[in-house]
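Notes follow once the structure below has been shown.
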Amino acid sequence: MAASPAPSPQPGPGDGVRPAGSPPGGERESDPPRRIAHLDMDAFFASVELLEHPELRGLPVVVGGRRALVASRGDGLPRLKDYAGRGVVTTATYEARAFGVHSGMGLMKAAALAPEAILLPAHFEAYSRVSRAFKAAATAVAPRMEDRGIDEIYLDLTDLADDSLALARQLKAAVREATGLTCSIGITPNKLLSKLASELQKPDGITILGLEDIPARIWPLPCAAVNGIGPKATERLKTSGILTIGDLARADPAWLVAQFGPSYGAWLHAAALGRDDRPVVTVREPKSISRETTFERDLHPRLDREELSRILLDLCERLAADLARKGYRTGGVGIKLRYDDFTTVTRDQVLPEPVADAGSLRQTARACLRRVPLDRRLRLLGIRAGHLLTEAGYQAHRAQAGARREPGLFPELEG
DNA sequence: TCTGGGGTCCTAGGACCC
DNA sequence: TCTGGGGTCCTAGGACCC
Numbered sequence: 001m002a003a004s005p006a007p008s009p010q011p012g013p014g015d016g017v018r019p020a021g022s023p024p025g026g027e028r029e030s031d032p033p034r035r036i037a038h039l040d041m042d043a044f045f046a047s048v049e050l051l052e053h054p055e056l057r058g059l060p061v062v063v064g065g066r067r068a069l070v071a072s073r074g075d076g077l078p079r080l081k082d083y084a085g086r087g088v089v090t091t092a093t094y095e096a097r098a099f100g101v102h103s104g105m106g107l108m109k110a111a112a113l114a115p116e117a118i119l120l121p122a123h124f125e126a127y128s129r130v131s132r133a134f135k136a137a138a139t140a141v142a143p144r145m146e147d148r149g150i151d152e153i154y155l156d157l158t159d160l161a162d163d164s165l166a167l168a169r170q171l172k173a174a175v176r177e178a179t180g181l182t183c184s185i186g187i188t189p190n191k192l193l194s195k196l197a198s199e200l201q202k203p204d205g206i207t208i209l210g211l212e213d214i215p216a217r218i219w220p221l222p223c224a225a226v227n228g229i230g231p232k233a234t235e236r237l238k239t240s241g242i243l244t245i246g247d248l249a250r251a252d253p254a255w256l257v258a259q260f261g262p263s264y265g266a267w268l269h270a271a272a273l274g275r276d277d278r279p280v281v282t283v284r285e286p287k288s289i290s291r292e293t294t295f296e297r298d299l300h301p302r303l304d305r306e307e308l309s310r311i312l313l314d315l316c317e318r319l320a321a322d323l324a325r326k327g328y329r330t331g332g333v334g335i336k337l338r339y340d341d342f343t344t345v346t347r348d349q350v351l352p353e354p355v356a357d358a359g360s361l362r363q364t365a366r367a368c369l370r371r372v373p374l375d376r377r378l379r380l381l382g383i384r385a386g387h388l389l390t391e392a393g394y395q396a397h398r399a400q401a402g403a404r405r406e407p408g409l410f411p412e413l414e415g
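Each residue of the first sequence is one higher than the one before, starting from 1 at the first, in UniProt numbering.
Here it is as structure tokens:
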């Protein structure tokens, strides 16, 4: 079953977004109208690369692939047609998208569409730096910000004085001043609609919508435009003749629930009507930290045992470094394997004591590996740290555990 | 021309406890 | 020799997102 992005308090019958002036004395007071912005950087990674390579402006440029592989061919600028490997397109400029190239597409396939496009390796440090800069610029205008990844944010504008168009212009000016880059902004009463709105006039656009605009502006869009309706749900909806958000809005809610389950079915109905009361979440603790790698060639668990062992150690060391840098311990370690047929398995194990060092991670990963079939070649190995505990949380955990055992027996060994 | 790496959330069964 | 129901935790898989 498809996941629903926080369907929020289950919209009951007749509930959801209450019309302005809903009956007094109801169970809940009418929520105050909100103003939520979604700010999305335009072709972010590619645009950052163009800051470094202004001479490539106007050309089809694709960012993706591993640096060593990308850089190893040719003397001039690497072309997509020179690439051989398992990379995917991370971002493409609008000129490259005109050839049908899009994010997530295999680079080999992209090369068939746009062989002469420039291929640049990703520079994640640079993107992170620019990401911090645009977020700082945006929060200087609108402080209540929800981080949605490296290139997009939500902002709660509800309590700000200026009108929405003025705020959008201020945000775009601030982002451009700080980074030299353009973004697109949607402003509506909720996150769902704002996310849709910011896409409507990309790049460099501003789109402000009210609930009254839903039939004309939202309903003609394909279902897949909704954040939370992915490839599987799109396909299932299509087989029932539901192609647009408007089709979905007209579908019988009971039928949707029967087809997609109580949670997702109800959410689909609410989403099609533009109903969404999720708050802008300004602080969040991570739930897990992970590292994974796809091999350049498929590896056999026995024949390539040493190489796999080296790769596992490397992943554990990098994960341990991540934990140390971010100040977490993990109380549960998991592994992920992808076989040559692309099937994926995971194994998890909770730990009696939280750990953070590479050796403990590796030991637990090996225990997990013993529970998994190792009879065919692998293309990916990953390791994940869950049940995260901050250093403060860990001290509290230790104090509790210590109190439960022999209190004060070895005080010199305690924290 | 097969399909990266980092995440979140949901479901569902079984164990275990009350 | 049987019979509940609820609650939480653990585990595995999968959809989805950036």
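Cβ coordinates follow ideal geometry from the N, Cα and C atoms, glycine included.
Alpha carbon to alpha carbon, how far is residue j from residue i? Give it in angstroms, no decimals.
i             : j                 : result
glycine 274   : leucine 193       : 6 Å
lysine 238    : alanine 178       : 43 Å
glycine 186   : proline 215       : 17 Å
alanine 96    : valine 62         : 7 Å
glutamate 306 : leucine 369       : 15 Å
lysine 326    : glycine 241       : 48 Å
lysine 172    : leucine 361       : 44 Å
alanine 180   : tryptophan 255    : A quick correction: the sequence has glycine, not alanine, at residue 180. Between glycine 180 and tryptophan 255, the C-alpha separation is close to 49 Å.
arginine 66   : leucine 120       : 9 Å
lysine 195    : aspartate 304     : 46 Å
valine 280    : proline 189       : 12 Å
glutamine 349 : arginine 329      : 15 Å
arginine 236  : aspartate 31      : 34 Å
glycine 393   : leucine 160       : 36 Å
arginine 217  : proline 33        : 20 Å
glycine 359   : alanine 136       : 38 Å
glycine 228   : alanine 272       : 11 Å
arginine 169  : glycine 87        : 37 Å
lysine 336    : arginine 371      : 12 Å
alanine 233   : glycine 76        : 44 Å
alanine 112   : phenylalanine 342 : 23 Å
Which term fits residue i, buried or exposed, when burial requires 16 or more other beta carbons within 10 angstroms of its beta carbon?
i                 : result
glutamine 395     : exposed
histidine 38      : buried
alanine 197       : buried
glycine 230       : exposed
lysine 191        : buried
serine 184        : buried
proline 354       : buried
proline 13        : Summary for proline 13: the model assigns pLDDT 32, below 50, so the residue's position carries little reliability; its value from the coordinates is reported in the next sentence. By the 10 Å Cβ count, proline 13 comes out exposed.
glycine 382       : buried
valine 345        : exposed
valine 283        : exposed
glycine 26        : Unreliable placement is indicated for glycine 26, whose pLDDT of 34 sits below 50; the coordinate value is still reported in the next sentence. Exposed, because fewer than 16 other Cβ atoms sit within 10 Å of the Cβ of glycine 26.
phenylalanine 260 : buried
aspartate 162     : exposed
glutamate 146     : buried
So which of the options has the shortest CA-CA distance to residue i?
i                : options                           : result
aspartate 340    : Pro354, Leu378 and Asp348         : Leu378
serine 128       : Glu152, Val141 and Phe342         : Glu152
isoleucine 118   : Leu160, Leu59, Arg66 and Leu165   : Leu59
alanine 224      : Lys287, Gly246, Asp159 and Ser164 : Gly246
phenylalanine 44 : Pro220, Val355, Phe134 and Phe260 : Phe134
alanine 401      : Glu391, Arg371, Arg236 and Pro352 : Pro352
serine 164       : Asp304, Ala399, Arg35 and Leu308  : Arg35
arginine 79      : Met41, Leu381 and Ala114          : Ala114
alanine 174      : Met41, Glu199, Tyr328 and Phe342  : Met41
alanine 385      : Leu323, Arg338, Leu337 and Gly393 : Leu323
histidine 269    : Arg278, Ala136 and Val257         : Val257
lysine 287       : Leu389, Trp219 and Leu248         : Leu389
glutamate 116    : Glu125, Ala126 and Val101         : Val101
alanine 320      : Ala356, Thr343 and Gly332         : Ala356
glycine 334      : His300, Leu308 and Ile289         : Ile289
alanine 122      : Val48, Met145 and Asp147          : Val48
Whose C-beta lies closer than 7 Å to the C-beta of residue i among residues of the same chain, with five residues either side of it excluded?
i             : result
arginine 176  : Thr182
arginine 310  : none
threonine 91  : Ala43, Phe44, Phe45, Ala46, Val63 and Ser103
arginine 338  : Thr344, Leu378, Arg379 and Leu380
histidine 387 : Thr330, Gly331, Gly332 and Val350
proline 411   : Interpretation of proline 411 is limited by its pLDDT of 44, a score under 50 that renders its predicted location unreliable; the figure taken from the coordinates is listed afterwards. There are no such residues.
For residue i, collect the residues of the same chain with a Cβ closer than 6 Å to its Cβ; drop the 5 residues on either side in sequence, then sort them by chain order.
i              : result
aspartate 298  : Asp340, Arg377 and Arg379
alanine 399    : none
leucine 221    : Ile245
isoleucine 131 : The sequence as given places serine at residue 131; isoleucine does not occur at that position. Result list for serine 131: Ile150, in chain order.
For residue i, which residues in the same chain have their Cβ closer than 8 Å to its Cβ, ignoring the five residues on either side in sequence?
i            : result
arginine 302 : Leu374
leucine 50   : Leu56, Arg57, Val61 and Thr93
alanine 98   : Pro60
Should the stretch 356 to 374 be called in touch with the stretch 315 to 330, which here means at least 3 C-beta pairs below 8 Å? yes
For the pair the stretch 197 to 205 and the stretch 293 to 311, tell me if three or more CB-CB distances fall below 8 Å. no
The stretch 74 to 94 touching the stretch 106 to 115, judged by at least three CB pairs closer than 8 Å: yes
Segment contact flag, the stretch 253 to 269 with the stretch 134 to 141, C-beta cutoff 8 Å, min 3 pairs: no
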